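Protein chains in written order, with my numbering: chain U, 1 to 338; chain E, 1 to 608.
Working notes, beginning with the structure itself.
Here it is in structure tokens:
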């Protein structure tokens, strides 16, 4: 079942990547080495992600600071040696240099300026775009740019609020091989994802009853920040009353009772302010990294299409939030021979 | 803050360890001790991100500490480049910590740490990972199961006859090549070997039955030696095996392979005895395969290729490692040794119509390599720290086992499960008695100490007594006459000891360092099944490790099980999650999707 590579990996790649090649194979490793990833934003959870994908040996990583948000203080990052915090170089440049050191085989660069200033085809340079904490409308904008620029650009977003986290994935169309299991042979799966805008437009009263409450809570936070001209993460416990009003308004408009989202959950999100709890960043960065590598290598079933983590119950939950018309993400499945 | 005052012990600075040390430092922990005996290798660099290429060969614990201090200079990390089983790390040492976090890669060390944590009364967070799978759990004395309450499977071993006579899988041939052929040619010659095949009637046997067969003869060139060995093991031995009709009644008959057949139409690679190739002497880079143009380790060689490598590697080993011959131990990172083993295994496979393996695959099997990636370890490290914080806050009710899955099960990629209460039958944490069936008139104490006490019970420095009588103990501070007495005792039969061990005797086994005690009840038995009970003794009761039932054979051959998801192996990052165990747990105790953990206290799961 293991594909034989047409050319061998370089000796250095074979030596360093040995243990992971045993997980996903030589061909997948080669695809990774040709992949280009753009990461917009830099926070604790994004540093974790960057570490993971650089170690894995992607072709190139481009860093951009674009979406304004309240980010955590620089010196909690494991990428920057403390003595260099006061240096002249920009924060992103410091991060890039550090990441290059993790794996010299990966090309790491910083892209200056904002997305707006870039030529139309800028995003075509990338296979994957990852966006961190940002306003919902910014994320939707980038997501729609990805969709406009090409069917193959994957969009992933992540946000860690204190100990709570959310990941979203839009792969547009994605084909992968589902490994054979017991009596089920290998099959080629074709997935068709919905855009962020479509997922957000899902009617709450049509979603399954057991959908995780964190999904709704994050939407309430987004709405609150947008309506009150706050930067994402620019919240405190003092905003509780106001956020509860937002909850009331949203739940009513979605035909749901307010009890859908417990007070306590919103309380915890506000208490977190702009902080990211490091162990949860490690978890989210790991899950996100794993998904990104699955997408780039074409190996393994990717997440459909949201992931949530709450240490209170300890569950890392995937939720499939479909299009407003309820079409599911899996469209076609066909048996194949390997 | 809680994390700032806590004193934490980390055992292991490898795949999980690097991620864990980083996460602890970022979370605000300021007082960390770290123990690891290993040094850094190139294959670590894809995930043990605190290390760089220039650190290869240096201590993992020390380099990890230095790397973390760079971004968190104000924390205290004490790095011990040492084996956690070292007597310095006794119960008093463990008692200074609020919590112990394991990032180990083998069952033996985990058991040791488990016992010390129980003795010291310090909670333990256990973890493991392999590929995409991982697991974190919590052990608290008297409140939860200890690490040894649940049975762990030991690495799979294979019956001797399968390895020597009737291989049917690639792993059988690799084990043969590594533990029999390589060992006999380059290892200790005085050790008895199962390499020779005999016929049932014992009147005829292979030329290889000659005990000196594998020794190079006076005046024999490396070339003719290599060819002689080749013909002996792949030709002659097979011919002899074929004469045992019974064996082949319902099995496919193997085909002998001789040098002249392989090279019938072409010349052999020139064996010129020269070792002037630039990399001839470095064991990591000297390579027969490269000289022969086989530079892609992923490629599966042909029979001809394998024969070429076999002859060339053998020649190079003889010429460049003279001083090691007779004491060479197989090391998967010894390029020539690995090539030789791959070639030999492939040649044997071709005789038995078993698919041949590439160098890459063979290395994984021969070296018990566990596949590993950074992302899983990162996730596990986060889960470990979350459990540690709960323990420090005294919220044991919130602690849980968490499984990290490759694909969502019931919508979960991270699946929590409730912790279990201690097992009353656990001989480690609940003091229950085990039963040892043994022939007390014909078994020496030494065998019981080696196979049972140190082996199955994993006791490091045993003290064995019967009632008030000390039968055996180890230690640096023993008086000479005691040592002499103990050594004499080892050679005595059980029923001839100064305090005779007979049917019904109860032995106490203690280890001061582990603060571990268990009791063995002795039952005298005369007959043991050679195949099923090759040790001539049987330990029963609630054991914390088991071997596969039908595995006879007195030769300890270690090899990786074919089914990777259900075993525990040595080497980098090991999985303690065993799918079957997970399924059992899940049936009993997975937290219902409706239930929410309610905690009366204010929830402060983060540290600010």
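Glycine included, every Cβ here is placed at the ideal spot set by N, Cα and C.
If you're wondering where the values come from, they're calculated on a predicted model, not measured in any experiment.
Self-check item: Which of helix, strand or coil DSSP assigns to residue 422 of chain E
Solution: The residue labelled residue 422 of chain E in the question sits at position 422 within the second chain. Reduced to three states, the DSSP call for residue 422 of chain E is coil.
Quiz item: What residues in its chain sit with their C-beta under 7 Å from that of residue 39 of chain E, if we drop five residues either side in the sequence?
Solution: For the purposes of this step, residue 39 of chain E is taken as residue 39 along the second chain, with counting starting at 1. Counting only Cβ-Cβ distances below 7 Å, and skipping sequence neighbours, we find 57, 58, 59, 60.
Quiz item: By how many angstroms is the C-alpha of residue 246 of chain E removed from the C-alpha of residue 178 of chain U?
Solution: Here residue 178 of chain U refers to the residue found at position 178 when the first chain is read from its first residue. Here residue 246 of chain E refers to the residue found at position 246 when the second chain is read from its first residue. Near 44 Å, if we compare the C-alpha coordinates of residue 246 of chain E and residue 178 of chain U.
Quiz item: Relative to chain E, which residues along the segment 20 to 53 of chain U have a C-beta separation below 7 Å, given in chain order?
Solution: 20, 22, 23, 26, 48, 51, 52
Exercise. Please check if any C-beta of chain E sits within less than 9 Å of the C-beta of residue 89 of chain U.
Key: In the first chain, residue 89 of chain U corresponds to position 89, counting from 1. So, not an interface residue.
Practice problem: Give a yes or no on whether 9 Å exceeds the smallest Cβ distance from residue 473 of chain E to chain U. | Solution: Residue 473 of chain E sits at position 473 when you count from the first residue of the second chain. Taking Cβ atoms only, chain U never reaches closer than 9 Å to residue 473 of chain E, which makes this a no.
Practice problem: Determine the extent of the beta strand (DSSP E) in which residue 76 of chain E is found, giving its start and end residues. | Solution: The residue you call residue 76 of chain E lines up with position 76 of the second chain. Element bounds for residue 76 of chain E: 76 to 80.
Exercise. Taking C-beta pairs closer than 7 Å, name the residues in chain E that residue 55 of chain U reaches, listed in chain order.
Key: The sequence position of residue 55 of chain U within the first chain is 55, counting from 1. Per Cβ cutoff of 7 Å: 46, 47, 49, 374.
Quiz prompt | Distance between residue 187 of chain U and residue 356 of chain E (C-alpha atoms, nearest Å) | solution = Residue 356 of chain E sits at position 356 when you count from the first residue of the second chain. Residue 187 of chain U sits at position 187 when you count from the first residue of the first chain. For residue 356 of chain E and residue 187 of chain U, the distance between alpha carbons rounds to 27 Å.
Quiz item: If you run the structure through DSSP and keep just helix, strand and coil, what is residue 356 of chain E?
Solution: To locate residue 356 of chain E, count along the second chain from 1; it is residue 356. Residue 356 of chain E: coil per DSSP, three-state reduction.
Self-check item: Coil, strand or helix - residue 279 of chain E by DSSP
Solution: The residue you call residue 279 of chain E lines up with position 279 of the second chain. Residue confidence is low: residue 279 of chain E scores 45 on pLDDT, short of 50, so the model does not pin down where it sits. Its coordinate-derived value is still stated next. Here residue 279 of chain E sits in coil by DSSP.
Quiz item: Any contact of the segment 445 to 460 of chain E with the segment 159 to 178 of chain E, i.e. 3+ C-beta pairs under 8 Å?
Solution: no
Self-check item: Nearest to residue 150 of chain E (by Cα), restricted to the options E:428, E:507, E:184, E:76
Solution: Looking up residue 150 of chain E in the second chain gives position 150. Cα-wise, what sits closest to residue 150 of chain E is E:428.
Quiz item: Which residues of chain U have a Cβ atom closer than 8 Å to the Cβ of residue 362 of chain E, listed in chain order?
Solution: Translated into positions along the second chain, residue 362 of chain E becomes position 362. Simply none; closest approach about 12 Å.
Exercise. Name, please, each residue of chain E whose Cβ falls closer than 7 Å to the Cβ of residue 102 of chain U.
Key: If you number the first chain from 1, residue 102 of chain U lands on position 102. Those are 49, listed as they occur along chain E.
Quiz item: Which whole runs of the beta strand (DSSP E) in the segment 275 to 349 of chain E are 3 residues long or more, in chain order?
Solution: none
Quiz item: Which of helix, strand or coil does DSSP assign to residue 269 of chain U?
Solution: Here residue 269 of chain U corresponds to residue number 269 of the first chain, with the count starting at 1. Residue 269 of chain U: helix per DSSP, three-state reduction.
Exercise. May I ask which residues mark the beginning and end of the beta strand (DSSP E) holding residue 7 of chain E?
Key: As a position in the second chain, residue 7 of chain E is number 7, starting the count at 1. Start and end: 7 to 11.
Quiz prompt | beta strand (DSSP E) segment containing residue 134 of chain E, residue limits | solution = Position 134 of the second chain, counted from the first residue, corresponds to residue 134 of chain E. Here the beta strand (DSSP E) through residue 134 of chain E covers 133 to 139.
Practice problem: Determine, using beta carbons only, whether residue 379 of chain E and residue 414 of chain E come nearer to each other than 9 Å. | Solution: Against the second chain, residue 379 of chain E aligns to sequence position 379. Against the second chain, residue 414 of chain E aligns to sequence position 414. Against a cut-off of 9 Å, the Cβ pair of residue 414 of chain E and residue 379 of chain E comes out as a contact.
Quiz prompt | Contact set for residue 343 of chain E: own chain, Cβ-Cβ below 6 Å, skip 5 residues either direction | solution = Translated into positions along the second chain, residue 343 of chain E becomes position 343. So the list reads 306, 309, 310, once near-sequence residues are dropped.
Quiz item: Between the segment 378 to 394 of chain E and chain U, which residues of the former have a C-beta closer than 7 Å to a C-beta of the latter?
Solution: 378, 379, 381, 382, 383, 385, 386
Quiz item: chain U beta carbons: is any one of them nearer than 9 Å to that of residue 144 of chain E?
Solution: Here residue 144 of chain E refers to the residue found at position 144 of the second chain. Residue 144 of chain E does not count as touching chain U.
Practice problem: At 8 Å on the CB atoms, spell out the chain E contacts of residue 318 of chain U, in chain order. | Solution: To locate residue 318 of chain U, count along the first chain from 1; it is residue 318. Within 8 Å Cβ-Cβ: 408, 411, 412, 413.
Quiz item: Rounded to a whole number of angstroms, what is the C-alpha to C-alpha distance between residue 50 of chain U and residue 92 of chain U?
Solution: Within the first chain, numbered from 1, the residue matching residue 50 of chain U stands at position 50. Within the first chain, numbered from 1, the residue matching residue 92 of chain U stands at position 92. Near 12 Å, if we compare the C-alpha coordinates of residue 92 of chain U and residue 50 of chain U.
Quiz prompt | Closer than 8 Å: residue 157 of chain E CB and nearest the ligand SAH heavy atom | solution = As presented, the structure is devoid of all ligands, the ligand SAH included, so that no description of it is given.
Quiz item: Taking Cβ-Cβ distances below 9 Å as the criterion, which residues of the segment 297 to 313 of chain U are in contact with chain E?
Solution: 300, 301, 303, 304, 307, 309, 311, 312, 313
Quiz item: Which whole runs of the beta strand (DSSP E) in the segment 429 to 458 of chain E are 3 residues long or more, in chain order?
Solution: 433 to 438
Exercise. Measure how close the beta-carbons of residue 347 of chain E and residue 234 of chain E come, nearest whole angstrom, since I'm counting them as under 8 Å.
Key: Residue numbering aside, residue 347 of chain E sits at position 347 when the second chain is read from its first letter. Residue numbering aside, residue 234 of chain E sits at position 234 when the second chain is read from its first letter. Confirmed, Cβ separation roughly 5 Å.
Practice problem: Verify the CB distance criterion: does residue 277 of chain U have a CB-CB separation below 9 Å to chain E? | Solution: Locating residue 277 of chain U in the first chain gives position 277, counting from the first residue. So yes, residue 277 of chain U belongs to the interface.
Quiz item: Taking Cβ to Cβ, would you say residue 64 of chain U is nearer than 9 Å to residue 114 of chain U?
Solution: Mapped onto the first chain, residue 64 of chain U falls at position 64. Mapped onto the first chain, residue 114 of chain U falls at position 114. Yes, these two residues count as a Cβ contact at 9 Å.
Practice problem: Under 8 Å by Cβ, that's how I've got residue 319 of chain U and residue 308 of chain U pegged, so tell me the actual separation to the nearest angstrom. | Solution: The count along the first chain starts at 1 and reaches residue 319 of chain U at position 319. The count along the first chain starts at 1 and reaches residue 308 of chain U at position 308. About 7 Å separates the two Cβ atoms, so the contact holds.
Quiz item: Who are the Cβ neighbours of residue 393 of chain E in its own chain at under 7 Å, not counting the five residues just before and after it?
Solution: Counting from 1 along the second chain, the entry for residue 393 of chain E is found at position 393. Answer for residue 393 of chain E: 2, listed in chain order.
Exercise. Report yes or no: is there a C-beta of chain E within less than 9 Å of the C-beta of residue 176 of chain U?
Key: For the purposes of this step, residue 176 of chain U is identified with residue 176 of the first chain, where counting begins at 1. Chain E, which has no Cβ nearer than 9 Å to the Cβ of residue 176 of chain U, makes this no.
Quiz item: What does residue 399 of chain E pair with, by DSSP beta-bridge criteria?
Solution: Indexing the second chain from 1 puts residue 399 of chain E at position 399. The partner list for residue 399 of chain E (beta bridge, DSSP) is empty, contrary to what the question assumes.
Practice problem: Can you give me the start and stop residues for the beta strand (DSSP E) that residue 97 of chain U sits inside? | Solution: Sequence index remark: in the first chain, residue 97 of chain U carries index 97 (1-based). Element bounds for residue 97 of chain U: not the beta strand (DSSP E) but the alpha helix (DSSP H), 91 to 102.
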